[in-house]
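Participant: So that we are looking at the same thing, I have put the structure below in structure tokens.
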Ligand SMILES: [Zn+2]
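Residue numbers (this note's numbering): 1 to 413.
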């Protein structure tokens, strides 16, 4: 097993060769980040009034820094800015589906984007080698979009990118995959599963051969990962990303037991979603993220509403770079979507599903071929889930960008 490719990169950037040294390094960067945010942003000047950087002396003292939330970000994103508008290279507006609340806006300076590009350049080393070609099935048309930054990172690593965009038409996308000769696909979990299912409908001579797949943008349930791997016949890696964090956060190594965090840029905590108290390693809670060196808009102790855990102990790959395991499901779902993912995405033929909650749960299973209803019904019952309505239908593509994390109220078709 190969050690995480992030370790030599993070080691070289930070000068740290041990867990203890990296912990000390992160705390020093955090003190600087707090001082920088207080000095330059109207929001943080008020928000951090009681916080003195010199009081942050250990991981235990992180809770001296008050949390930030998505609501605070929506209320006045420009107040978070630490620079003049002229220095902002890119603004990303995040619409929240199914709610009437104002969109979140996130600002990046050139050097903020540069750090993401650098992470992609190194992190993709888990999946590809110089000379390889990668099909990117994420938004990539605009400069500074996730697909564009990934292409720039890959170019730096000697890897060619083909921009496919999110999968609107499965057959057309599969045609592009074959014609482009790509050996790696980066995409949104349900969309990549759709491609993988489509592949099995073709005669063997027309099946694309991949060596790796990277799933991103939404937490991929282990059941979905396993099916993609079986149907595509290749190794499947997880990536955890979030727009507020500059898209890239953590990437899986070949041990496949969690995603290594880009700890030279981001500090990750897990807290009790009710009390906000820090949780010990190994316990599932709410993921809280802090940027250590963001210039345009530092994000300090940001409550993501996403569930996850930090595995205890070192990774079997031998790296001391901390890992995170996304547990999917938004906080308010209480893990219900994750549980449904575990049952439904494991059923033959299901690539995604739409759900509605009114007088009970109504489920529509979506597949490249119509999914097998009776098998799904049996497995749902086994898991204690009895929908009032269960139907299925075949789809030929996906609408929207698929970049938003799914929520219970949202229909995914
Ligand atoms: Zn590892």
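Glycine is no exception: its CB is placed at the ideal position from the N, C-alpha and C atoms.
Near ligand 1, which residues have their beta-carbon less than 6 Å from any of its heavy atoms, given in chain order?
Facilitator: With the criterion CB distance below 6 Å from any heavy atom of ligand 1, the matching residues run 4, 253, 255, 260, 315, 317 and 319 along the chain.
Participant: Which residue wins for smallest C-alpha separation from residue 323, given the options 398, 206, 336 and 308?
Facilitator: The residue labelled residue 323 in the question sits at position 323 within the chain shown. Comparing Cα-Cα distances from residue 323 to each of 398, 206, 336 and 308, the minimum goes to 308.
Participant: Count the other CB atoms within 10 Å of the CB of residue 396; is the residue buried (16 or more) or exposed (fewer)?
Facilitator: Taking the chain shown and counting its residues from 1, one reaches residue 396 at position 396. By the 10 Å Cβ count, residue 396 comes out exposed.
Participant: Specify the secondary structure class of residue 265 as computed by DSSP and reduced to three states.
Facilitator: In the chain shown, counting from the first residue as 1, residue 265 sits at position 265. Coil at residue 265, not helix or strand.
Participant: Kindly indicate which three-state DSSP category residue 179 falls into: helix, strand or coil?
Facilitator: Along the chain shown, one-based indexing puts residue 179 at 179. Residue 179: helix per DSSP, three-state reduction.
Participant: For residue 405 and residue 54, I'd like the C-alpha separation in whole angstroms.
Facilitator: In the chain shown, counting from the first residue as 1, residue 405 sits at position 405. In the chain shown, counting from the first residue as 1, residue 54 sits at position 54. Note that residue 405 scores a pLDDT of 48, beneath 50, so its modelled location is shaky; the value from the coordinates is reported in the next line. Rounded to the nearest angstrom, the two C-alpha atoms are 37 Å apart.
Participant: Pop quiz: residue 79 and residue 42 are said to be a contact at Cβ under 8 Å. What is the actual Cβ separation, rounded to whole angstroms?
Facilitator: Taking the first residue of the chain shown as position 1, residue 79 is located at position 79. Taking the first residue of the chain shown as position 1, residue 42 is located at position 42. Distance from residue 79 to residue 42 at the Cβ level is roughly 5 Å; contact confirmed, criterion being Cβ atoms closer than 8 Å.
Participant: If we call anything under 9 Å between Cβ atoms a contact, is residue 320 one with residue 314?
Facilitator: On the chain shown, residue 320 is found 320 positions in, with the first residue counted as 1. On the chain shown, residue 314 is found 314 positions in, with the first residue counted as 1. Their beta carbons are under 9 Å apart, which means residue 320 touches residue 314 by this criterion.
Participant: Which residues mark the beginning and the end of the beta strand (DSSP E) in which residue 232 is found?
Facilitator: If you number the chain shown from 1, residue 232 lands on position 232. It is not in any beta strand (DSSP E) - residue 232 instead sits in the alpha helix (DSSP H) that spans 222-232.
Participant: How big is the Cα-Cα spacing for residue 158 and residue 129?
Facilitator: On the chain shown, position 158 is the one that residue 158 refers to. On the chain shown, position 129 is the one that residue 129 refers to. Looking at the two C-alpha atoms, the distance is approximately 8 Å.
Participant: With residue 210 and residue 184 assumed to form a contact (beta carbons below 8 Å), what rounded beta-carbon distance in angstroms separates them?
Facilitator: Counted from its first residue, the chain shown places residue 210 at position 210. Counted from its first residue, the chain shown places residue 184 at position 184. The C-beta distance from residue 210 to residue 184 rounds to 6 Å, short enough to fall under 8 Å.
Participant: Tell me which residues share the same chain as residue 306 and place their Cβ nearer than 6 Å to its Cβ, disregarding the 5 neighbours each side in the sequence.
Facilitator: The residue given as residue 306 occupies position 306 in the chain shown. For residue 306, where only same-chain residues beyond five positions count, the Cβ hits under 6 Å are 287.
Participant: Check each candidate in 262, 260, 275 and 279 and name the one with the smallest Cα separation from residue 269.
Facilitator: Start at 1 with the first residue of the chain shown, and residue 269 comes out as number 269. Closest by alpha carbon: 279.
Participant: I need the boundaries of the alpha helix (DSSP H) containing residue 167, first residue and last residue.
Facilitator: Numbered from 1 along the chain shown, position 167 holds the residue referred to as residue 167. Per DSSP, residue 167 lies in no alpha helix (DSSP H) segment and is marked neither H nor E.
Participant: Hey, residue 385 and residue 340: beta-carbon distance below 9 Å or not?
Facilitator: What you label residue 385 is simply residue 385 of the chain shown in a count that begins at 1. What you label residue 340 is simply residue 340 of the chain shown in a count that begins at 1. Yes, the pair counts as a contact, with Cβ atoms nearer than the cut-off.
Participant: Tell me whether the segment 212-230 and the segment 186-199 touch, counting them as touching only if at least three CB pairs, one residue from each stretch, are closer than 8 Å.
Facilitator: yes
Participant: At what residue ranges does the segment 29-99 contain a whole run of the alpha helix (DSSP H), taking only runs of 4 or more?
Facilitator: 42-47 and 70-75
Participant: Let me check understanding here. Comparing Cα to Cα, which of 376, 371, 265 and 32 lies closest to residue 13?
Facilitator: Here residue 13 corresponds to residue number 13 of the chain shown, with the count starting at 1. Nearest option by C-alpha distance: 265.
Participant: With DSSP as the reference, identify every bridge partner of residue 391, one or two as the case may be.
Facilitator: Start at 1 with the first residue of the chain shown, and residue 391 comes out as number 391. Beta-bridge pairing links residue 391 to 364.
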